[in-house]
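Asks: Line by line, the protein sequences are chains B and H. Just so it is clear: in the first sequence, position 89 is 121 by this note's numbering, and no numbers are missing. Just so it is clear: in the second sequence, position 10 is 42 by this note's numbering, and no numbers are missing. No residue lacks a Cβ here, since even glycine has one placed at the ideal position from N, Cα and C.
Protein chains: 2
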Amino acid sequence: MEDINYGMDRCDCTVIHEETVKHVRTKMPADENLYDLAELFKVFGDTTRIKILCALAESEMCVCDIAVLLNMTQSSISHQLRVLKQARLVRYRREGKVVYYSLDDDHVKQIFNLGLIHLNEM
Amino acid sequence: MEDINYGMDRCDCTVIHEETVKHVRTKMPADENLYDLAELFKVFGDTTRIKILCALAESEMCVCDIAVLLNMTQSSISHQLRVLKQARLVRYRREGKVVYYSLDDDHVKQIFNLGLIHLNEM
DNA sequence: AAATCATATGAACATTTGTTCATATGAATA
DNA sequence: TATTCATATGAACAAATGTTCATATGATTT
Numbered sequence: 033m034e035d036i037n038y039g040m041d042r043c044d045c046t047v048i049h050e051e052t053v054k055h056v057r058t059k060m061p062a063d064e065n066l067y068d069l070a071e072l073f074k075v076f077g078d079t080t081r082i083k084i085l086c087a088l089a090e091s092e093m094c095v096c097d098i099a100v101l102l103n104m105t106q107s108s109i110s111h112q113l114r115v116l117k118q119a120r121l122v123r124y125r126r127e128g129k130v131v132y133y134s135l136d137d138d139h140v141k142q143i144f145n146l147g148l149i150h151l152n153e154m
Numbered sequence: 033m034e035d036i037n038y039g040m041d042r043c044d045c046t047v048i049h050e051e052t053v054k055h056v057r058t059k060m061p062a063d064e065n066l067y068d069l070a071e072l073f074k075v076f077g078d079t080t081r082i083k084i085l086c087a088l089a090e091s092e093m094c095v096c097d098i099a100v101l102l103n104m105t106q107s108s109i110s111h112q113l114r115v116l117k118q119a120r121l122v123r124y125r126r127e128g129k130v131v132y133y134s135l136d137d138d139h140v141k142q143i144f145n146l147g148l149i150h151l152n153e154m
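1) Are B:L85 and B:V140 touching if we call contact CB-CB under 8 Å?
2) Check the Cβ-Cβ distances between B:L148 and every residue of chain H, and say whether any is below 8 Å.
3) Determine whether the Cβ of H:Q112 lies closer than 8 Å to any Cβ atom of chain B.
4) Quick one: is H:V56 near chain B, going by C-beta distance under 8 Å?
5) Is H:Y38 helix, strand or coil by DSSP?
6) Since B:K141 meets chain H, which of its residues come closer than 8 Å, beta carbon to beta carbon?
7) By alpha-carbon positions, which one of H:I82, H:R126, H:S91 and H:R120 ends up nearest to H:I109?
8) H:V131 versus chain B: which residues are under 9 Å apart at the beta carbon?
9) Are B:L69 and H:L146 touching if we call contact CB-CB under 8 Å?
10) Expressed to the nearest angstrom, what Euclidean distance is found between the alpha-carbon atoms of B:V19 and H:L88?
11) I want to see whether chain H comes within less than 8 Å of B:S91, judged by CB atoms only; does it?
12) Could you tell me the alpha carbon to alpha carbon distance between H:A119 and B:E127, rounded to whole angstroms?
13) Our contact map puts H:V100 next to B:V75 with C-beta atoms below 8 Å; I'd like the distance itself, whole angstroms only.
14) What residues in the segment 49–81 of chain H bring their beta carbon closer than 7 Å to a beta carbon of chain B?
15) Report the residue from B:E90, B:S91 and B:L102 whose alpha carbon sits nearest the alpha carbon of H:D63.
16) Rounded to whole angstroms, what's the CA-CA distance from H:L72 to H:I143? Just pull it up for me.
17) Just to check my reading of the structure: H:S134 and H:V115 have Cβ atoms closer than 8 Å, yes? What is that Cβ distance to the nearest angstrom?
18) Counting only Cβ-Cβ distances shorter than 7 Å, please list the residues of the segment 93–108 of chain H near chain B, keeping chain order.
19) For a quick check, are the C-beta atoms of B:T79 and H:Y124 less than 8 Å apart?
20) Is the distance from the Cβ of B:I48 to the Cβ of H:D97 below 8 Å?
21) Once DSSP output is grouped into helix, strand and coil, what is the label at H:N152?
Quick look at the structure:
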């Protein structure tokens with residue numbers, strides 16, 4: 033097997049297993065999909081947001097309730113709810129001055145549970 | 033229902049739905065678990081690491097192979113593999129000078145797939 | 001219409017994070 | 001034993017992120 037570097041700019045390595053790399057390359061999803069996937073998990077990757085999701089998994093709640101529950105400022109909860117909203121993980125409905133948030137779909141709980149399973153089995 | 037603030041330091045809100053908050057509070061997992069869960073998802077929340085996991089889902093690979101595949105430096109791949117190792121998402125075996133990495137368990141693929149399902153259904 | 005209340009948001013700040021560069025480690029080989 | 005090569009790692013730096021503070025918005029109530 034030849035030691036070809038393929039003229040890559042960034043990589044300072046020699047290709048060791050050319051066939052493996054070639055094969056895996058054909059199996060990789062589009063960069064855009066992997067980017068989106070990382071962005072999705074990034075949303076789960078914060079304690080405050082995890083707590084919010086966990087709370088909403090139990091019951092619909094307004095912003096103030098969540099702030100009290102987590103003992104955090106209304107502002108920071110509101111900022112985080114915006115992130116969750118953009119990721120389509122939560123939805124909301126307005127009732128007068130109060131805005132109620134809830135989980136958007138069932139995937140949230142599923143992803144959540146898989147994470148817990150992984151942690152429990154380590 | 034009374035407007036009690038419960039003497040929270042940080043929250044600038046009035047409790048609106050006291051019963052809801054009380055109930056949800058009893059259902060919340062321990063802070064430590066939620067912290068660990070967030071830490072786990074944080075690991076998935078980076079494009080480079082997602083790509084590495086995706087590649088390893090297809091085949092065991094050495095560090096150089098991954099660097100070539102992703103067109104990144106060996107150093108940055110190695111740093112990220114350390115993160116994945118600490119999260120128990122990948123394992124490795126040494127064969128002479130070469131270190132081969134692979135997925136540690138099947139949860140990785142499952143979490144991965146759930147993420148993709150969520151993205152596809154939005 | 002003015003005041004009140006729940007929520008949203010922009011800017012600033014501190015912290016965290018990912019990559020790079022230089023170098024260390026540790027195993028095979030000459 | 002000296003060299004080579006694959007990998008690991010520490011420090012530095014830039015970029016991203018979460019919270020806070022001040023204030024805006026928008027709906028209700030007086």
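Replies: On the basis of the data shown:
1) yes
2) yes
3) It does not: the Cβ of H:Q112 has no partner Cβ on chain B nearer than 8 Å.
4) yes
5) Confidence in H:Y38 is poor, its pLDDT being 35 and thus under 50, which makes the residue's placement unreliable; the coordinate value appears in the next sentence. Looking at H:Y38 - three-state DSSP - the assignment turns out to be coil, as it is neither helix nor strand.
6) By Cβ distance, chain H contributes nothing, its closest Cβ being about 10 Å from B:K141, past 8 Å.
7) H:I82
8) Result: empty, since nearest Cβ-Cβ is about 11 Å, beyond 9 Å.
9) no
10) The structure shown has nothing for residue 19 of chain B, since chain B only spans 33 to 154.
11) yes
12) 42 Å
13) Actually they do not touch by this definition, with Cβ atoms about 31 Å apart.
14) Going along the segment 49–81 of chain H in chain order, one finds H49, T52, V53, H55, V56, R57, K59, M60, P61, L66, Y67, D68, L69, A70, L72, F73, K74, F76, G77, D78 and T79 with a Cβ nearer than 7 Å to chain B.
15) B:L102
16) Looking at the two C-alpha atoms, the distance is approximately 11 Å.
17) With a Cβ gap of about 16 Å, H:S134 and H:V115 do not count as contacting.
18) M93, C94, C96, D97, A99, V100, L101, N103, M104, T105 and Q106
19) no
20) yes
21) Taken through DSSP and simplified to helix, strand or coil, H:N152 comes out as helix.
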